[in-house]
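**Q** Residues 32 to 345 (this note's numbering) are what the sequence shown spells out, left to right.
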Amino acid sequence: MHKTLFFSLLFLASQWTWAADKPMLRDYPAKQVADKVWVIHGPLGFPSVENQGFMNNPAFVLTDAGVVIIDPGSSTAAGEMVLRQIAKITKQPVVAVFDTHVHGDHWLGNQAIRDAWPHARFYAHPRMIAKAKAGAAEEWLDRMNRSTNGFTANTRAFIPDLPIDQDRVITIGNTLFHIDAPPKAHSNTDVMIAVVEPGVYFTGDNITYKRIPRMDDGTFKGSAAACIVAKTAKANVYIPGHGPSGDASIVDSYCHYLATLYRLAGEMYEEELEDYEMKPRIVKALHAYADWSGFDDEIGKHISLAILEYEASL
Ligand SMILES: [Zn+2]
């Protein structure tokens, strides 16, 4: 047999074994949202068997020095899927990864990037790094594995080692990444990333669109402050943690939801209404969001959290 053919067959065989052993995430297309910036918009909804645990918005930026990934997804399979989409666009190496916050649906894909590109640098907020090490990584691996019925079982947590905080600017190639780190916003581990040129702003879950996120680790007031920071950036394109990208109106939309909910909960608290009495009124006031994914699941919890936060502020 011809030597090259023999090795090709051997290679093919090994690929097949690999495919059989390894969970593979279905492909989602990368959409170019600005010069040198692509986003893979994940499906809406919470992690499930159906979506293979994949539901965030991984993105990548091409710089002169190589590719920079933001939030490589919820599992090793998701990170591999992100790398497949990148490979369709460039042969450049991946040189850096930014993780926007500690929630595992955004960063458990790190391991795939680390395996493929061992020299890539991994950045996150210092509290993200500390919390991930203190148990959040294990907790999220478990949560993701349970919600996908074991699809993500081979995923390991690769925790970033390079801390980034407010106003840090990281230059990669000729591209500037400016960091905002609003405290106590969505998760108290959050960074938002401005790619100064061409004016793209990655909000993490401080902003979501068409999807109501969990607020269990966040505060309404901190989230409102993050809204102002995001708006002040005056970006051309905003990339939310979940849901479609868009202009500044997507920031307004989510921030209006939070502000309305918190204001009404506070007002009705002063009227001495109970949660269950508040709920129908707040649902009515926020009817424009009723078709957002997660609305029915989260609204009750959001009201309870808003009351607790309001009470604590008195
Ligand atoms: Zn989150």
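We put the beta carbon where it would ideally sit given N, CA and C, even for glycine.
For D327, would you say it is in contact with chain C, using Cβ-to-Cβ distances shorter than 9 Å as the test?
**A** Although the question refers to chain C, the structure presented lacks it and comprises just one protein chain.
**Q** For the beta strand (DSSP E) that contains M223, what are its first and last residues?
**A** M223 to V226
**Q** For ligand 1, which residues count as neighbours when the test is a C-beta closer than 5 Å to any heavy atom?
**A** Look at which beta carbons fall closer than 5 Å to any heavy atom of ligand 1; those residues are H134 and D236.
**Q** For R174 and F85, I'd like the C-alpha separation in whole angstroms.
**A** The straight-line gap from Cα to Cα measures roughly 13 Å.
**Q** Taking only the alpha-carbon atoms, compute the straight-line gap between Q197 and D211 and give it to the nearest angstrom.
**A** Rounded to whole angstroms, Q197 and D211 show a C-alpha spacing of 5 Å.
**Q** Cutting at 8 Å between CB atoms, please list the residues of its own chain near D192, excluding the five before and the five after it.
**A** F153 and I160
**Q** Between I338 and the rest of its own chain, which residues show a CB-CB distance below 7 Å, the 5 nearest in sequence each way excluded?
**A** The answer, listed in chain order, is A296, Y300 and D306.
**Q** Who are the near neighbours of R242 in its chain, counting only those whose CB is closer than 7 Å to its CB and skipping five residues on each side?
**A** Within its own chain, the residues whose Cβ lies closer than 7 Å to the Cβ of R242, once the five positions on either side in sequence are excluded, are L75, H273, G274, W323, S324 and G325, listed in chain order.
**Q** Look at the alpha carbon of P229 and the alpha carbon of A65, and state the distance between them as a whole number of angstroms.
**A** 7 Å
**Q** One question on the structure: do F208 and I190 come within less than 9 Å of each other, judged by their Cβ atoms?
**A** no
**Q** Do D221 and H132 have their CB atoms nearer than 9 Å?
**A** In contact: D221 and H132 (Cβ atoms closer than 9 Å).
**Q** Give me the residue from F91, G253, V68 and Y288 with the minimum Cα distance to I330.
**A** Y288
**Q** On the DSSP bridge list, what partners appear for H209?
**A** Looking at the DSSP assignment, H209 forms a beta bridge with V200 and A225.
**Q** Report buried or exposed for Q63, applying the criterion of at least 16 other Cβ atoms within 10 angstroms of its Cβ.
**A** exposed
**Q** How many angstroms separate the CA atom of R312 from the CA atom of S106?
**A** 39 Å
**Q** In the DSSP assignment, find the unbroken beta strand (DSSP E) run with T94 in it and report its ends.
**A** A90 to T94
**Q** Kindly indicate the opening and closing residues of the alpha helix (DSSP H) around P311.
**A** D306 to A316
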